[in-house]
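Before any comments, here is the structure.
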Amino acid sequence: MSRSALRWSLGLVLLGLVLVFVPVNLTDYGLPYPGLKRYGTYIMTLWLVTAVAAMGVNLIVGYSGQETLAQAAFLGIGAYTTALLTKAGIPFGLAFAASGLLAFVVGILLGIPALRVQKHYLAFVTLAFAVMAWLVFRNEQWLTGGVMGLSGIKRPVVFGINTRPFLTFYWFVLAVTAILTFCMWWMLRSPWGRAFTALRENPVRAESLGIDVRLYKLLTFAIGSAYGGFAGALYAPLVEFIDPSPFALSQSFLYLLMVVVGGAGSFLGPFVGAAIAVLLPEWLRFTETYYLLIYAFLVMLLMAFCPGGIVALVLRLKAALLPKAGKVQP
Amino acid sequence: MTSVLDVKNLSRAFGGLQAVRDVSFEVQEGEILGIIGPNGSGKSTLFNCILGQLVPDEGEVRVDGQVVTGLRPSELNRRGVSRTFQLLQVFPQLSVRENLILAGQEHRGSRLRRLFGPRDAGLTPDANRMIDFFRLGHLAEEKAGGLSYGQQKLLDAAMAFMAGPRLVLLDEPAGGVNLTMLASLKERLQAINAETRATFVVIEHNMEFVMSLCTRILVLAEGRLIAAGTPGEIRSNPDVIEAYLGH
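Note that the protein sequences, when read in sequence, are chains A and B.
This note's numbering puts the first residue of the first sequence at 1, with every later residue one more than the last.
This note's numbering puts the first residue of the second sequence at 1, with every later residue one more than the last.
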């Protein structure tokens, strides 16, 4: 194993340990760390769920150079599918798979006509879909419960372990997020990832090299949407009650924003962006209604001075402070 | 001899402008054919019609006897047709080796196998061979965007050969390349032509380059084919001289 691989592996193990133990009260084990309470653990779980959805947006926007304003709608598709299926007695595993699959299929259906349009026009197509999906969530009461929503969504029992306790559910979501992150990493480091880069940077050249640009664009859009579906499937048992508001168009803008803020096209970008989107309202709670204004101002500052997002900013700072640490990854 | 490319009665207009008019020609296996003509003579439109980037109004394009008119560039590439571009079209964020692997990967196994298989699609040895062939060895790990213009032109040409094409269309390969690099590019193209028997069609403005590289030359003027012959014949053709000099 090379030194850099060893460093990465150690770093990952360390990060894994931190994430596993961060909500745990370690004072019983003689360590001066009280862990996180129920609300803190809920925020951590919400961060993971949001990061899964943002990973999908990053695939579509950051890696394949397309645009989407419908991720919240896909989250809604996943959440309602899981809620309805688990309430009907279907095991969570099947409901989870169905949520991702349905979002994937809808992504394909939405992507086929969208392939005829590019960039901002694709954004408009997804925007129209987001509005339409929200109207379905709100108006089709017989299915979705309308504005009254669906309640009593149970947390799953996994391999005989009930994930009802907040800490167990956090660990469960952490494990699922780890698996989905690994799948995304594997895909992006495979020849598919190289093809995604090619179609983002120069689709004409990519096509001339035998890369089926239309198919790859469709695949990235559908897989990115499926990540929205998977995130929705985790979100429903997290909050145990869903209504249409978290799946509205404004939320889709937030998913796009968190990818841009974190660093579009950077693997860690969605995690950083999701952390800011989830944690910033907590940190800025004292500002009350000025929170969005401050958030918008910070985003404008970031975009003006570092359009590559926070990950690029950190790499720039690292390069400036440690010139020998290596080159800045774009 | 086998005809690798067969263009029959190809025409393409843009509104009232007839860019290509009833052009027909064949290219034999292993041949290096040059297409020259003054600016606006329809060379690029002809190329784009052959390569599937434009659909011709009339006519037919065959590769190895199969009709390929209107096929998408990716489909044509998978049938062994490769190209280089007039303006640089390498991927600046990828290394030289990654650019070459990218240029060959879609020809390796099924799409699903590429997802679950090795990251380089098993192409590192082929990419290294191509890097050595085009004498880019010292730059293999460099980002393509950091290479000089001439080096990027060499990489662009190398990428066109990664998938072992039957037919390569080179769009102004000498454009903007300095004399030393130009000699190297020509020598490498001739060597790879001799080695692989790949067929080349070259659009070029640099007369010295095209006359010394190509075995046969076609001349286009105002969308029509006005002359065809060896470089020596073309140099002394009065129609060609008139098309270029206008008298």
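Ideal Cβ placement from N, Cα and C applies to all residues, glycine included.
- By the beta-carbon neighbour count (other beta carbons within 10 angstroms, threshold 16), W185 of chain A is exposed.
- Taking a C-beta cut-off of 9 Å against chain B, the contacting residues of the stretch 168–200 of chain A are W186, M187, R189, S190, P191, W192, G193, R194, A195, T197 and A198, listed in chain order.
- Taking CB atoms only, L218 of chain A has no neighbour in chain B less than 9 Å away.
- In summary, G65 of chain B is exposed, with fewer than 16 beta-carbon neighbours lying within 10 Å of its beta-carbon over all protein chains present.
- With a threshold of 9 Å between beta carbons, F116 of chain B makes contact with chain A.
- Residues A54, V57, N58, V61, G62, G269, P270 and G273 of the same chain have their beta carbon placed closer than 7 Å to that of V259 of chain A, with the five preceding and five following residues left out of the count.
- Of the residues B:R129, B:P56 and B:V90, the one whose Cα lies closest to the Cα of V7 of chain B is B:P56.
- Chain-order list of chain A residues neighbouring L54 of chain B: empty, with the shortest C-beta distance near 12 Å, by a criterion of under 7 Å.
- Residue burial is scored here from C-beta neighbours: N9 of chain B has fewer than 16 other C-beta atoms within 10 angstroms and is therefore classed as exposed.
- With its beta carbon at least 9 Å from every one in chain A, I50 of chain B lies outside the interface.
- Taken in chain order, the unbroken stretches of alpha helix (DSSP H) that lie wholly in the stretch 46–92 of chain B and span 4 residues or more are 73–78.
- Take the alpha-carbon of I310 of chain A and the one of L298 of chain A: they are about 11 Å apart.
- For T199 of chain B, the enclosing beta strand (DSSP E) starts and ends at T199 to I203.
- A straight-line Cα-Cα distance of about 14 Å links T86 of chain A and V239 of chain A.
- For S208 of chain A, the chain B residues whose Cβ falls inside 7 Å of its Cβ are P73, N77 and R83, in order along the chain.
- The Cβ-Cβ distance between N77 of chain B and E207 of chain A falls below 9 Å.
- Taking a beta-carbon distance threshold of 9 Å, D28 of chain A does not count as an interface residue toward chain B.
- About 5 Å separates the beta carbons of A83 of chain A and I153 of chain A, which is inside the 8 Å limit, making them a contact pair.
- Close to V213 of chain A, with beta-carbon spacing below 8 Å, are these residues of chain B in chain order: S74.
- The beta carbon of A231 of chain A lies closer than 6 Å to those of V49, V52, A53 and L75 in the same chain, with the five residues before and after it left out.
- V202 of chain B and D171 of chain B have their C-alpha atoms some 6 Å from each other.
- Fewer than three pairs of CB atoms, one per stretch, sit closer than 8 Å, so the stretch 157–174 of chain A makes no contact with the stretch 90–109 of chain B.
- Restricting attention to A:L36, A:G107, A:V131 and A:V105, the CA atom closest to the CA of A248 of chain A is found in A:V131.
- The Cβ atoms of P38 of chain B and A228 of chain B lie no closer than 9 Å to each other.
- A residue is called buried once 16 or more other Cβ atoms fall within 10 Å of its Cβ, and T177 of chain A is buried on that count.
- Assigned with DSSP and collapsed to three states, S236 of chain B falls in coil, not helix or strand.
- Neighbours of H107 of chain B across chain A, judged by C-beta separation under 8 Å: G210.
- In the structure shown, K8 of chain B falls within a strand segment according to DSSP collapsed to helix, strand and coil.
- Between the alpha carbons of G34 of chain B and N202 of chain A lies a distance of about 27 Å.
- With a 10 Å radius around the Cβ and a threshold of 16 neighbouring Cβ atoms, A133 of chain A comes out buried.
- In the structure shown, the three-state DSSP call for A264 of chain A is coil.
- Here F116 of chain B is exposed: its Cβ has fewer than 16 other Cβ atoms, across all protein chains shown, within 10 Å.
- The stretch 260–321 of chain A contains, as complete alpha helix (DSSP H) runs of 4+ residues, the segments 269–283, 291–305 and 309–321 (chain order).
- Ranked by how close their Cα comes to the Cα of V261 of chain A, the residues A:I161, A:Q251, A:M303 and A:T220 have A:M303 in first place.
- The continuous stretches of beta strand (DSSP E) do not include E207 of chain A, which lies in the alpha helix (DSSP H) extending over residues P203 to S208.
- Not one beta carbon of chain A lies nearer than 9 Å to the beta carbon of A191 of chain B.
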